[in-house]
Amino acid sequence: MIYTEAFLSAVKAIWAHKMRSFLTMLGIIIGIFSVTVLISVAQGSTAAVTESIEGMGSNLISVFILDKRTTINERDIEDFENIEGVDLVSPYISANYTVRSGSNYVEGVETSGVEAEYQTIRDYEIEIGRFVSEIDNRKRLRVTVIGSVIANEIFGSAQGAIGKEVTVGGTKFDVIGVLKSEGTSFMGDLDKIALVPFSTAQRLMQNSEIRNLYISADSSDTVDLAKANIEEYLIELTDSNNDSDKEDAYFIFSQSEILESLEGVTGVMTAMLGGIAAISLLVGGIGIMNIMLVSVTERTREIGIQKAIGATRRDILTQFLIEAILVSGVGGIIGLGLAYASTGPLTNLMGSAIIIEPGIVFIAISFSLAVGIVFGIYPAIRASKLNPIEALRYE
Amino acid sequence: MKTIIDIKDMYKIYEMGSEKVHALDGIDIKIHEHEFVAIIGPSGSGKSTLMNMIGCLDTPTSGEYFLDGVNIAKYSENDLAHIRNSKIGFIFQQFNLFRRLSALENVEMPAKYMRVPREERKARAKKVLDLVGLSDRISHRPTELSGGQQQRVAIARSLVNNPPVVLADEPTGNLDSKSGEDIMNMIKQLHKQGSTVILITHDIDVANEADRMIKLRDGKITSDKKRGAK
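From first to last, the protein sequence lines are chains X and Y.
Using our numbering, you'd call the opening residue of the first sequence number 1 and step up by one each time.
Using our numbering, you'd call the opening residue of the second sequence number 1001 and step up by one each time.
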């Protein structure tokens, strides 16, 4: 039969059993809905995480010295700054303290000792006041730049915090600046931090060693070059102190590497979520197959008549297959529509934008059609192979 | 006159366990164009099997079947479907209409399978429905029609592709005598207008309406007489 004819008769057959067709469709609706929504949610949160990592500074390289016998001194830091591809270097030391002023306090504040370069390396913006300076470091001044959350919780506002005194781990510091809010990420509240001069922090934390460096490359193009050069230097540095296992002596990674590994992880997560949702699609497909088999049995006599008056196997096969594809295709479209409708509420719920990408739409539609074909083909073949004489005799 | 059906030494043997049942046991029939033939026999005589053979719904175990000059004994199922579509018009005891379709749509079906374009199909269907006197019922569904009217829709359907052979299987079997008479008159009318009509029945009164009667028993032809011949 011509395809439009088969299509029209499929619409009629589906319409003749509205309730049954809808319930069958429901399996596909739920399947496509959950596949679409889960993949979109996974992609949405991946995008959010990626954004927050990129916000940490796009050319960032982090170095950790793990070997206990190796330390970095101020000379090494100067050397690092002269390495080809490297722009800025800041030593880094950090511990958690309670920040207090009078009766107001914030617990578990990530307090970091940094140098002036750190602002550029990490792309920090100042809301009010200034950042830690070279002089602060040289003079070991007890000054601090605090995150917006701390300013708000203790002083009510950023303006109110400037020039005030806070105690960090029991030591008094003057607030010289407040950072612009960076929001929250999977790593926690990015604004719940206090930055102090590196030299001051060393004394506060009673730790004179430099084990952690934040380095920025000249540009995103020189990140790999800078990293390789730093690594060369680190091998030499750790080698002179220690002959043992070099690979464990230090740890270095760039922002792009974090992003890459993160993308790997979220890719697996997306595939897993999609896979779980696809199981419901599978169940929906089995539902279609089931109802199509029932339908073939019910219409056995009709198929017999069709064959007697000249329908070929292909005619019958086309008819039943189109019916199955129509049920799953319409189910897919409805499921997709529901998924679209749910993006608004989901975005509010998740806090990160949930967007259904065109690629997902394409996948969802092709999946629902494929389900129709895969699960419709067997009943259709069965219908097409019915013996006309026996089918005509069927009551 | 042209031979439209030529069956030669046809056997149909079913294996029931270890037993072989000869449903057709060496049948030879020649039917010419424009003939009106009744095939009569009690149940189990093989007349249903013979009807299935003539109607190309089944293939024989051995023997030849020339329909309109073509030997179709060894045709594939697909080819048989095309043959049924173009060469045979079926009229069944149970009417066998599609319940969900209107009279017009029912009549259109064989033309659909022949890929006749929509407009022409509709025109042809309307014409044959007019021929059976149902032009005022074309959008009725089978359930909205009497038995006699349903059978007339079926007759219209059998004619829509203008087949050389009309095959009627107990066409009056499910009808009251009045409607049965109407249908028989209509079939005779068909014959008069030039169709080759083959009637399968167990009812001698119905068979007597035909010009030629072939009697069947145990898969064999026991008599083959033209009306008037002794």
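The C-beta atom is built at its ideal place from N, Cα and C for all residues, glycine as well.
For residue i, which of helix, strand or coil comes out of DSSP?
i       : result
X:I291  : helix
Y:L1067 : strand
Y:R1217 : strand
X:E298  : helix
X:S216  : strand
Y:A1038 : strand
Y:T1222 : strand
X:N104  : strand
X:P197  : strand
Y:T1003 : strand
Y:K1230 : At Y:K1230 the pLDDT is 47, less than 50, meaning the model places this residue with poor confidence; the figure from the coordinates comes in the next sentence. The answer is coil: DSSP assigns Y:K1230 none of H, G, I, E or B.
X:G129  : strand
X:K385  : coil
Y:L1024 : strand
X:L88   : strand
Y:D1176 : coil
Y:D1079 : helix
X:I3    : Note that residue 3 of chain X is Tyr in the sequence shown here, rather than Ile. Note: X:Y3 maps to helix in three-state DSSP.
Y:G1089 : strand
X:I354  : coil
X:L66   : coil
X:S254  : strand
X:I53   : helix
Y:L1057 : coil
X:D76   : helix
Y:L1101 : coil
Y:F1095 : coil
X:G285  : helix
X:I32   : helix
X:L259  : helix
X:D123  : coil
X:L234  : helix
Could you tell me which residues DSSP pairs with residue i in its beta bridges?
i       : result
X:N96   : X:E110
Y:S1018 : Answer is none; Y:S1018 lacks a bridge partner.
X:T144  : X:V175
Y:T1197 : A quick correction: the sequence has Val, not Thr, at residue 1197 of chain Y. Y:V1197 pairs with Y:F1036 and Y:V1166.
X:E165  : X:D174
Y:R1212 : Y:V1037 and Y:K1226
Y:K1262 : Past the boundaries of the shown model lies residue 1262 of chain Y; chain Y is included only from 1001 to 1230, so the question cannot be answered.
Y:I1013 : Y:H1022
X:L60   : X:S216
Y:I1031 : Y:I1005
Show which residues of chain X have a CB atom less than 9 Å away from the CB atom of residue i.
i       : result
Y:F1098 : E302, I305 and Q306
Y:M1274 : Because chain Y is modelled from 1001 through 1230, residue 1274 of chain Y falls outside the range shown and cannot be assessed.
Y:N1078 : T312, R313 and R314
Y:N1085 : I309, G310, A311 and T312
For residue i, return the contacting residues in chain X, with the cut-off set at a CB-CB distance below 8 Å.
i       : result
Y:H1082 : G310 and T312
Y:R1157 : I309
Y:M1090 : Reading off the sequence shown, one finds Phe at residue 1090 of chain Y, where the question assumed Met. The answer, in chain order, is A308 and I309.
Kindly list, in the order they appear in chain Y, the residues whose Cβ is closer than 7 Å to that of residue i.
i      : result
X:I389 : N1052, L1057 and D1058
X:A16  : R1100
Determine the chain X residues that contact residue i at a beta-carbon separation under 7 Å, and present them in chain order.
i       : result
Y:E1120 : Result: empty, since nearest Cβ-Cβ is about 13 Å, beyond 7 Å.
Residue i: beta carbon under 6 Å from a heavy atom of the ligand ADP?
i     : result
X:A10 : Looking at this structure, you won't find the ligand ADP or any other ligand, since it has none at all.
Which residue spans inside the stretch 311-350 of chain X form an unbroken beta strand (DSSP E) run of at least 3?
Restricted to the stretch 311-350 of chain X, not a single beta strand (DSSP E) segment is unbroken, complete and at least 3 residues in length.
If contact is defined by three or more beta carbon pairs under 8 Å, each pair taking one atom from either stretch, is the stretch 1208-1226 of chain Y in contact with the stretch 1023-1031 of chain Y?
Segments in contact, yes.
With a threshold of 8 Å, are at least 3 pairs of Cβ atoms found where one atom belongs to the stretch 202-210 of chain X and the other to the stretch 44-51 of chain X?
Three or more Cβ pairs closer than 8 Å define a contact, and the stretch 202-210 of chain X falls short of that threshold against the stretch 44-51 of chain X.
Would you call the stretch 50-64 of chain X and the stretch 211-222 of chain X in contact, with 3 or more CB pairs under 8 Å?
The answer is yes - the stretch 211-222 of chain X touches the stretch 50-64 of chain X, with three or more Cβ pairs under 8 Å.
Would you check if there are 3 or more beta carbon pairs closer than 8 Å linking the stretch 1036-1044 of chain Y to the stretch 1094-1107 of chain Y?
For the pair of segments examined, the stretch 1036-1044 of chain Y was found not to touch the stretch 1094-1107 of chain Y: the number of CB pairs separated by less than 8 Å stays below three.
Do the stretch 1146-1161 of chain Y and the stretch 1124-1134 of chain Y meet, that is, are 3 or more Cβ pairs less than 8 Å apart?
As far as the Cβ criterion goes, the stretch 1146-1161 of chain Y touches the stretch 1124-1134 of chain Y, which means the pair count is three or higher.
Would you check if the stretch 158-169 of chain X and the stretch 86-105 of chain X touch, i.e. whether three or more CB-CB distances between them fall below 8 Å?
Taking 8 Å as the limit for Cβ pairs, the verdict is that the stretch 158-169 of chain X does touch the stretch 86-105 of chain X.
Is there contact here, the stretch 1010-1022 of chain Y with the stretch 1171-1183 of chain Y, by at least three beta-carbon pairs under 8 Å?
Touching, no, given that fewer than three Cβ pairs across the two stretches are closer than 8 Å.
Under 8 Å, with one C-beta from each stretch per pair, do the stretch 325-337 of chain X and the stretch 19-30 of chain X reach the 3-pair mark?
With a cut-off of 8 Å on Cβ pairs, the stretch 325-337 of chain X is in contact with the stretch 19-30 of chain X, counting three or more such pairs.
Is there contact between the stretch 1137-1156 of chain Y and the stretch 1067-1075 of chain Y, where contact requires at least three CB pairs shorter than 8 Å?
Segment contact: the stretch 1137-1156 of chain Y against the stretch 1067-1075 of chain Y, fewer than three CB-CB distances shorter than 8 Å; contact not assigned.
Touching by the beta-carbon criterion (3+ pairs, under 8 Å), the stretch 135-149 of chain X and the stretch 194-202 of chain X
In short, these stretches touch, since the Cβ pair count reaches three.
Evaluate the contact criterion for the stretch 142-151 of chain X versus the stretch 169-179 of chain X: three or more CB pairs, one atom per stretch, below 8 Å.
Verdict: yes, contact present.
Kindly confirm or deny that the stretch 280-293 of chain X and the stretch 80-89 of chain X touch, where touching means at least three C-beta pairs closer than 8 Å.
Proximity of the stretch 280-293 of chain X to the stretch 80-89 of chain X falls short of the contact definition, fewer than three beta-carbon pairs being nearer than 8 Å.
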